[in-house]
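Participant:
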Amino acid sequence: MRKKIVAGNWKMNNDLIESQSLITEVRGIIRDELRLDNVDVILFPTYFALPSCIRLLEGTGVYSGAQNCHQEKSGAFTGEVSASMVKALGASHVIIGHSERRQYFGENNIICNAKIKAGLEQELTILYCIGETLEERESNTHLDILKSQLIEGLNEINAQQLNNLVIAYEPVWAIGTGKTASAQQAQEIHAFLRKEITTKYGEAVAQRLRILYGGSVKPDNAKELFSQVDIDGGLIGGASLKARDFAEIVRAAQ
Ligand code: 13P
C-alpha cells in the first residue's frame, strides 16, 4: 500500500507576505480538519519563502521543498541555488525537471539526471517530473518521449536511491489549461511508467515507487484521479494557491 502524496507547486507566485499568509491558512485547515496519517503533504513555495515555510510548518508533519536546484554544490552560477543550500535550510524535497524548466530554461534529461544525483546526494527526496507535449501526444510519440525522460533521467540511479524519489507525470497540455487528462488516460500512462520501472528495477521497487499526476487537478476531479490503481496522488499548481481548494484535494487523497 503506497502512501499518497499531495504537493503544492506554487511556481512564481506569492511574495513573502502572501506566502506566509497562505502557509498559515493551509496549516490551520490541516491542523483542524485533516489527518496526515495516510497522505504526505508538501508545499513548494519560491526559494525566498522557503525558510518561512519550513519555520511555519515545523511540528505539523507537512513537508517543505524547493521547486528546482542547481546540480553543482557552489560556484559561479549567477541566480542559481544548489541542492546543498536547499538541504541546509532544512527542506526535505526538491522538484526536478518540471516541464516549465524544460521548456523555458533548456533543461533536458541529462541536466535533470545531474540535478537528481545532486539532490539525492544531499538526502533530499526528489519529485522528478516528466510529461509529453500536445504535439508529441498527437503524433503518437508520447510513450517514447516519456520512456526516454524516465530512463535518461534515472541513469545511474540505483534501486536503493529510488526509495527517495517520486515520479510526477504532468502532461504539458494539461498544465494550467483546465484540460485534465481523464482518469483513464492518466491511469494508462501511470501503468506504462510502472511497467518501465519494473523492467529496469524489478517488481518490488516498482510497486513501492509513488507516481503522481499533475495538470489541472482541482477539488472536483481529484478523487477520481486518485482512485486509479497506479495514481498515488497529485502535484498541484493553480489550485494549490487557494488554501481551501488545496485542502479539498488533500481530503480527496485520504
Ligand atoms: P496546474 O495544476 O496549474 O495545471 O499545474 C500543474 C503543475 O504544473 C504542477 O507542477
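According to our numbering, the sequence shown holds residues 4 to 257 in order. Heads up, the beta-carbon is just placed ideally off N, CA and C, and yes, glycines get one too. From a predicted model like this one, the values you see are computed outputs, not experimental measurements.
How many angstroms separate the CA atom of Gly205 from the CA atom of Asp18?
Facilitator: Roughly 44 angstroms between the two C-alpha positions.
Participant: When the distance is taken between beta carbons, is Phe47 closer than 7 angstroms to Arg23?
Facilitator: Rather than Arg, the amino acid found at residue 23 in this sequence is Gln. Cβ atoms of Gln23 and Phe47: not closer than 7 angstroms.
Participant: Compare the Cα-Cα distances from Lys118 to each of Gly134, Glu135, His96 and Glu139 and report the closest residue.
Facilitator: Cα-wise, what sits closest to Lys118 is His96.
Participant: If you measure from the CB of Ile239, is any heavy atom of the ligand 13P nearer than 6 angstroms?
Facilitator: It does: the Cβ of Ile239 is within 6 angstroms (strictly closer) of some heavy atom of the ligand 13P.
Participant: Cutting at 7 angstroms between CB atoms, please list the residues of its own chain near Ser77, excluding the five before and the five after it.
Facilitator: Excluding residues within five positions, the ones whose Cβ falls inside 7 angstroms are Ser85.
Participant: Taking Cβ positions, are Cys72 and Ile26 nearer each other than 7 angstroms?
Facilitator: No, Cβ-Cβ distance for Cys72 and Ile26 is not below 7 angstroms.
Participant: Quick check: is any heavy atom of the ligand 13P less than 6 angstroms from the C-beta of Ile252?
Facilitator: Because no heavy atom of the ligand 13P lies under 6 angstroms away, the Cβ of Ile252 does not count as near it: no.
Participant: Would you check if the distance between the CB atom of Gly100 and the CB atom of Tyr66 is smaller than 7 angstroms?
Facilitator: No, the pair does not count as a contact, with Cβ atoms beyond the cut-off.
Participant: Do Ile214 and Leu228 count as a contact pair if the criterion is CB distance below 7 angstroms?
Facilitator: No, the Cβ-Cβ distance between Leu228 and Ile214 is not below 7 angstroms.
Participant: Hey, Gly237 and Val44: beta-carbon distance below 7 angstroms or not?
Facilitator: For Gly237 and Val44, no; Cβs fall outside 7 angstroms.
Participant: Considering Cα atoms alone, identify which of Ser87, Ile33, Arg211 and Ile133 is closest to Asp235.
Facilitator: Nearest of Ser87, Ile33, Arg211 and Ile133 to Asp235, Cα basis: Arg211.
Participant: From Glu13 to Asn143, what does the alpha carbon distance come to, in whole angstroms?
Facilitator: A quick correction: the sequence has Trp, not Glu, at residue 13. Computed Cα separation, rounded: 31 angstroms.
Participant: Would Ser102 be called buried (16 or more neighbouring beta carbons within 10 Å of its own) or exposed?
Facilitator: Classification for Ser102: buried.
Participant: Could you tell me which of Val169, Gly93 and Ile113 sits nearest to Glu159, measuring between CA atoms?
Facilitator: Considering only alpha carbons, the answer is Ile113.
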